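Enquirer:
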Amino acid sequence: MISDKIYLRPNSVKEALEIAQDHSDDFCFLAGGTDVMVNRFQGNETSSCIIDLTGITEWNQVKIIPDKYLSIGPLVKLDELNNFEAIRNEFPVLIEAAKSVGSPLIRKTATLGGNILCENRCIFYNQSEWWRESVGYCLKCDGSVCIATGSKKHCYSEFVSDTAPALISLDAMIEIIDEDGERLMKLEDIYSGDGTNPKILKKASLIKSILLPLNNQFRSVFKKLRLRKSLDFTSLTTAVTVNANGRLKIAVGGVDPKPVVIEGTVNSDLEELIVYVLKKSRAIDNEMFTRKYRRDMIRVFLTQSFETLL
Amino acid sequence: MKSIKLKVNQIAFEVLIDEHECLAGVLREKIGLTGTKVGCEQGSCGACTVLVNDEPVLSCITPAIRCDNSEITTIEGVANNGELHLLQQKFIEKGAIQCGFCTPGMIMTSYNFIKKNHNASIDDIKEALSGNLCRCTGYKKIIEAVAETMSIESKTDNSENNYPKKNNIIGHKKPYIEAAKKVQGTAEYVDDIKIKNPLYCKFLRSTYPHAIIENIDISSAEKIDGVKYILTGKELTRKFGVLPISRDETALAIDKVRYIGEIVAAVAAESTEIAKEACRKIKVAYKPIRPFLMMDESLYDINENEKIHLDSKFKNNIHKIAELNFGDYKNELSKSEYTSKMDFEFEGLTHAFTEPHAAVAYWDENGLTIITATQVPHYLHRALSDVLEVPLSRVRVIKPYVGGGFGGKSDPFAHEIIVSHIARKTGRPVKVRFSREEVFINNHGRHPTKMTMEIGLNKDKELSALNADIVIDGGAYGSFGIVTSYYNGVLLQAPYKIDNLGFKTTRVFTNKPQCGAMRGHGAVNSRFAVESLIDDLAYQSKIDPCELRLKNFLDSNTITVGQYRITSNGSRESLLKVMEQSGWKDKYGKMPFGKGVGAGCGFFISGSALPIIRNELPQSVVHLKVDFDGRVVISSGSSDIGQGSDTMLAMVVAEVLGVSMDKIFVLPCDTITNPVDLGSYSSRVTFMAGNAAKMAAENLKKEITLSILKNKSISNKRLIFSEDKIHDEKNEISLTWNEAIDIALAGRGAISVSGHYISPKLGGNFKGAGAGLSPSYSFGAVIAEVDVDIKTGLLKVENIWGAHDCGIAINPLAVEGQLEGSWHMGMGQAVSEQLKYFKGLILNGNFLDYKIPTSLDIPEMHTNIIETNDPEGPFGAKECGEGAIHPIIPAIANAIFDAVGVRITKLPITPEEILLKMKKVSLIKEAEIES
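First to last, the sequence lines map onto chains A and B. So the first sequence is numbered by this note's numbering: it starts at 26 and just counts up by one. So the second sequence is numbered by this note's numbering: it starts at 1305 and just counts up by one.
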């Protein structure tokens, strides 16, 4: 068989974006690849052109922008975050969150940028092509109905990044680069809430860096619900951070197609915050833990986090 | 295609690859380094771990092209010119290897870890290994091996196992004879074997649970270049099945499909890719029939055409009703001082061995040869002969190294028949290897089960009566299901003396992958029930649950109510041991809320006394052959699948002959040379093949003795075989082994002898009396300590104190490995594993969602071997591979009761269920306080 498969590993951002443009829609970006390669194995990602970004070595760095930001390159591996003193000192919760991802082997390849952008999951979607054909294709794989809910409109595949909730609670900004140029966004603003297309970014957009504000005296609590202490994707991730001014930021993953983000202060009515998070979390029965249990645990995790922090 | 440069184990390669190919495939197929294993293809199992530029990566999800110009180290590159790395030596010495399939990945991960971490703790090691799944060892010995390599003190209770050393070899810890191969990646599993000019086979599987096949259109698939053969069901119509009484399967579905995933067509092509592509092009027209997916639905009478098996004698989808009654449980229950009755529910489980099924078949002057990952070469041999209509003498089954079985490789399988058939039709070797998803679909695992059980305690605190009503979900075909049905009930007649016992098991067909035998076959779920009920009776009657058990154990040398002959029985010793070691008396009922301890006991057969196919052959035969070089060659068909049975055979023979292990050579399992042996199931190998090996060695000893006496012209004298020498008591005769062999072989050149084992006639004369008969039984006990997070319901099993009566431990290293592996698997069933279905389709057929415990999920295991010296076992040995799984699961549930006061009756135990029940209990308590 004649192969139309292409694999390219550009050395610069410019080159990467050009290749993407040349291949219009039939490409995928690969950072570590631990997520994308599995989706490819299952036939959920079928682009003929793979653009491997790991050749862009400038994206492996962590830099301090004095008095303002810590800038983390998107290709820093999850396992490497702990090597940077600035992260250890100011944002230890990020290391904790990264350590909860996958397995030690996954973390040696998976990158921070990749984890932020990892594909939403659903037990009716993350299956082989044969499986999905047997059950009937779902909304997320070009079918007409959600297998989990019967909805013809909404896909509730879960947002499963563990590092993103931690980063969001730390007021992370990300620098986006694409054909329109560069711009700065709050991390939470890149998620659409639509399970079929969970990011508002263009397909050919890249994260250039992740920026964390320095000198905020953040105090954070991170929690992840999973049955095993390794390997498992999240069933609920909560990150709660208080800054020097007593502002409270809650970011919750695993219970909605996007991270659920709520801000308050140390003086807020905590019960109200929890109710608000529950209201915004559109968890469904699409994984091994039930919807009900995961929702119950939102309350438990947040209550415990508040107790630690306040 | 693209050319890349790789430096693999310091050798430079330039290989042409497909742009999207992953590293694992390139290493295995293009470079020929098959030590790197592929277990899941999704980065979940870690078997494919290699180092790229000194960092471990999952080579099954690493694009090969990314490794261009990289330095790669595979398992083959760890030893230095044949000299094993200390880590490899420790893996061997500590018994960190069983089936060996996860070993290459496990070693690569640890190799990197020890290089980069010098001040690590045991917890760090557990963390580092938590991306490498092992199904055999329970991780304990792997963690110990890594710790010892790093000179870290690890807590181990095994030092308490001071086994008597009255023998030279038996009772000494011996690494597996093939261990050095397994740590270097040179042990060949089916998929590693290179075959000249093979075809690759892929299957088209049903997308309907229950449907008539109206048409199969292969016309466009046939046209694809490279497609050599397309097979559909009509070519292979003879039925098969492991039990002669339920031969209900055909190799491919004919006329109708009975579960989603059943094979409808098979394509053999020049490459796997082509075969896959052709499968996609085959169009099947189905006419759906009402599917039966829940076991309750299968109990009710239905239309004839809705039956899953049209030839069934029932008017519904019931497969088998197994029912036995001993004594009068009804009357006795009504007289009981305390009774406990509960409903239990168990999800189905699968074996989850790390090596996916694989086979390769070819035909030559000997007829058919199939190399396959099987536990039962003998039954496969018979099934192939029958289905393909070839004489038994023209079928050869070779079992290479097998990456775990646990019952899941103990049926003859459709894929084995299909590749054999296509190989005959095409004249080419045909290979097949399952994806992990296909392994799940093939299943044959533990039956989903619902049961109601009631048990009574009389005024003398004796367990006087038991009744069980059980329904098990067999899936679409019979497999071992009739045996499973009986085992659910009959194996309740020990370890406790219960004189009035009744049960009824109904096995139903459903439109799901079939269930069969899995470690602890048939008895695991009902054991959970009975041990939970006993715990409840103890609670009700305010007796310590361990004391209640001690009071009710059967004695040694007794007959049970269903006429099982109990000989050696270490129940009491096992339970007393773990009570003492765990500090039971200071803990039970005395720990803070949320923490607790629980006990459970177990009982299992040590080899089924009856063969599956009735015949007069011995159940095991072992050949021994000694030639001029003095080496003793063992030939047995007992099928080592990683449990160490080849090593056991070598130890038994070496012990009898008084020679060192290096004079013993165990031939690979190959039915062209092996005598009959029923294979590796029902925990029979040590007892039966061990006895056969012992008899063979004794026969050889006799032959050698006779030759020496004749040579020395002595009529009768006892000769001692010991330490590679043969001598009499006064040393008037004193020969080295080789001198003795020279004498024995003079004039004839070789000696071949055989030994065999036939189980004694056992059991009663009633229908069903044969179920569960065994020449010996194993016993054991576990105490578990748990910590329940009362806010989340999440459960942490902190400690397992386990003891198992294995008669005598021939190889204590292997016995510990079996016990720890059983406890690992029991932990999985207790807290995390289940097969979930959606409309008949397995929902979690991968290692992310089918959650076998990782190294971080395993408790401290305190391993105790109890020795009772079985009167009929070889050197007093009996089984240890299955029985140990029974007690751990109820021990965990009972510990939860001690911790938080709720009785769990569903497996797996979920945090949600714990919370729900805790809530109910507190509501009841509140109501009680209010009233």
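Even for Gly, the Cβ is constructed at its ideal location relative to N, Cα and C. Remember, it's a predicted structure, so these values are computed and weren't measured experimentally.
So which of A:Leu103, A:Tyr94, A:Phe66 has the shortest CA-CA distance to A:Ala111?
Expert: Considering only alpha carbons, the answer is A:Tyr94.
Enquirer: Pair every Cβ in the segment 1693-1703 of chain B with every Cβ in the segment 1971-1982 of chain B, then say whether three or more of these pairs are closer than 8 Å.
Expert: By the Cβ rule, the segment 1693-1703 of chain B counts as touching the segment 1971-1982 of chain B, because three or more pairs are nearer than 8 Å.
Enquirer: For chain B, is any of its Cβ atoms less than 7 Å away from the one on A:Cys254?
Expert: The sequence shown places Lys at residue 254 of chain A, not Cys. Yes, its Cβ sits closer than 7 Å to a Cβ of chain B.
Enquirer: From the DSSP output, in three-state form, read off B:Asp1974 for me.
Expert: Reduced to three states, the DSSP call for B:Asp1974 is strand.
Enquirer: What is the DSSP secondary structure of A:Asn108, reduced to helix, strand or coil?
Expert: helix
Enquirer: Classify B:Leu1914 as helix, strand or coil using the three-state DSSP reduction.
Expert: coil
Enquirer: By how many angstroms is the C-alpha of B:Gly1409 removed from the C-alpha of B:Asn1436?
Expert: 7 Å
Enquirer: Quick one: what's got a C-beta closer than 8 Å to B:Ser1860's C-beta in the same chain, skipping five residues either side?
Expert: Ile1870, Thr1871, Ser1872, Asn1873, Thr2172
Enquirer: Please determine, among B:Glu2027, B:Leu1880, B:Ser2011, the residue with the shortest C-alpha to C-alpha distance to B:Asn2020.
Expert: B:Ser2011
Enquirer: For a cutoff of 7 Å on Cβ pairs, would you count A:Thr266 as touching chain B?
Expert: no
Enquirer: Quick check: the Cα distance between B:Gly2039 and B:Lys2029, rounded to an integer number of angstroms?
Expert: The sequence given here places Leu at residue 2039 of chain B; Gly does not occur at that position. As the crow flies, the alpha-carbon of B:Leu2039 is around 6 Å from that of B:Lys2029.
Enquirer: Please compile the residues from chain B whose C-beta is within a distance smaller than 8 Å of the C-beta of A:Thr59.
Expert: Gly1347, Leu1362, Ile1365
Enquirer: Roughly how many angstroms lie between the CA atoms of A:Cys143 and B:Ser1616, to the nearest whole one?
Expert: So the two alpha carbons sit approximately 51 Å from each other.
Enquirer: Listing by chain order, which chain A residues have their CB less than 7 Å from the CB of B:Thr1576?
Expert: Within 7 Å Cβ-Cβ: nothing; B:Thr1576 doesn't reach chain A, min ~12 Å.
Enquirer: Between the C-alpha atoms of B:Val1743 and B:Pro1660, what's the straight-line distance to the nearest angstrom?
Expert: 6 Å
Enquirer: On the three-state DSSP scale, how would you describe B:Asn1384?
Expert: strand
Enquirer: What does B:Ala2085 reach in chain A if we use C-beta pairs closer than 7 Å?
Expert: The premise fails here: B:Ala2085 is roughly 27 Å from chain A at the closest Cβ pair, so nothing lies under 7 Å.
Enquirer: Output the boundary residues of the alpha helix (DSSP H) element that contains B:Thr1951.
Expert: For B:Thr1951, the enclosing alpha helix (DSSP H) stretches over residues 1949-1961.
Enquirer: Taking only the alpha-carbon atoms, compute the straight-line gap between B:Asn2115 and B:Lys1477 and give it to the nearest angstrom.
Expert: Between B:Asn2115 and B:Lys1477, the C-alpha separation is close to 5 Å.
Enquirer: Along the chain, where does the beta strand (DSSP E) that runs through B:Asp1966 open and close?
Expert: From DSSP, B:Asp1966 is part of no beta strand (DSSP E); its letter is neither H nor E.
Enquirer: Return helix, strand or coil for B:Ser1463, following the three-state DSSP convention.
Expert: Residue confidence is low: B:Ser1463 scores 44 on pLDDT, short of 50, so the model does not pin down where it sits. No coordinate-derived value is stated.
Enquirer: How do the segment 1907-1922 of chain B and the segment 1367-1375 of chain B stand: do at least 3 beta-carbon pairs fall below 8 Å, yes or no?
Expert: no
Enquirer: Determine the chain A residues that contact B:Arg1332 at a beta-carbon separation under 9 Å, and present them in chain order.
Expert: Under the 9 Å cutoff, chain A gives no residues; its nearest Cβ is about 16 Å from B:Arg1332.
Enquirer: Figure out for me which residue from B:Lys1341, B:Ala2231, B:Val1980 has the closest Cα to the Cα of B:Val1686.
Expert: The question names Val, yet the displayed sequence has Arg at residue 1686 of chain B. Each of B:Lys1341, B:Ala2231, B:Val1980 was checked against the Cα of B:Arg1686, and the nearest Cα belongs to B:Val1980.
Enquirer: I'd like the list of long-range same chain contacts for B:Gly1887, defined as Cβ closer than 8 Å, with 5 residues on each side in sequence excluded.
Expert: Residues of the same chain with their beta carbon placed closer than 8 Å to that of B:Gly1887 are lacking, with the five preceding and five following residues left out of the count.
Enquirer: Would B:Arg1562 pass as an interface residue toward chain A - the criterion being a Cβ-Cβ separation below 7 Å?
Expert: no
Enquirer: Is it buried or exposed, B:Asn2275, if we count other Cβ atoms within 10 angstroms and call 16 or more buried?
Expert: The first residue shown for chain B is 1305 and the last is 2235, placing residue 2275 of chain B beyond what the model contains.
Enquirer: Within its chain, find whatever has a CB closer than 7 Å to the CB of B:Ala1727; leave out the 5 residues flanking it on each side and keep chain order.
Expert: Ala1665, Tyr1666, Trp1667, Pro1733, Val1734
Enquirer: Taking only the alpha-carbon atoms, compute the straight-line gap between A:Tyr162 and B:Cys1344 and give it to the nearest angstrom.
Expert: 23 Å
Enquirer: Using DSSP's beta-bridge definition, name the partner residues of A:Val246.
Expert: A:Val265
Enquirer: Give the single residue among B:Asp2032, B:Glu1323, B:Leu1327 whose Cα lies nearest to the Cα of A:Lys30.
Expert: When only C-alpha atoms are compared, the closest one is B:Glu1323.
Enquirer: Hey, could you find the ends of the alpha helix (DSSP H) B:Gly1435 is sitting in?
Expert: B:Gly1435 -> no alpha helix (DSSP H), and no H or E assigned at all.
Enquirer: Using CA coordinates, which residue listed in B:Gly2097, B:Leu1688, B:Gln1844, B:Pro2212 is at the minimum distance from B:Ile2156?
Expert: B:Pro2212
Enquirer: When the Cβ atoms of the segment 2184-2199 of chain B are set against those of the segment 1816-1827 of chain B, are three or more pairs found closer than 8 Å?
Expert: yes
Enquirer: Note down, in chain order, all residues in the segment 313-332 of chain A with a beta-carbon under 9 Å from any beta-carbon belonging to chain B.
Expert: Flagged, chain order: Met313, Phe314, Thr315, Lys317, Tyr318, Asp321, Met322, Val325, Phe326, Thr328, Gln329.
Enquirer: Whole angstroms are fine: how far does the CA of B:Gly1962 sit from the CA of B:Ala1997?
Expert: 14 Å
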